[in-house]
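Here the structure comes first, spelled out in C-alpha cells, and everything after it is commentary.
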C-alpha cells in the first residue's frame with residue numbers, strides 16, 4: 001500500500017508539472033496570436049482576453065479530469 005501511495009504521489013507530481021508546462025506553452029501561443037491580430041490591425045483586446053480565459057478554463061478542467069481518472073484507477077477517490 002505504501003508503494004502504491006508513493007507511486008500515486010509521484011504521478012500526481014508529474015501531472016502537475018506537465019500541466020504547468022502545457023499551460024505555459026498555451027499562454028505563449030495565445031499571446032503570439034494576440035500580437036499577430038494587433039499587427040494585422042484587428043481588435044484583439046476583449047476578444048483575445050475572453051479566448052485566453054476560455055482556453056485556460058478548458059485546460060484546467062482537463063487536468064482535473066486526468067487526476068480524477070488516475071485516482072479512480074488506483075481506488076483513492
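In the UniProt record's numbering, the protein residues as written are 1 to 77. Glycine included, every Cβ here is placed at the ideal spot set by N, Cα and C. Because the structure is a prediction, the values reported are computed rather than measured.
Q. Does DSSP put residue 40 in a helix, in a strand, or in coil?
A. coil
(Q) My output table needs one value for residue 75: the three-state DSSP class, helix, strand or coil. (A) coil
Q: Taking the CB atoms as reference points, tell me whether residue 19 and residue 63 lie closer together than 7 Å.
A: yes
Q | Contact belief for residue 67 with residue 12 at Cβ below 8 Å, rounded distance in angstroms | A | 6 Å
**Q.** Distance, residue 27 Cα to residue 61 Cα
**A.** 16 Å
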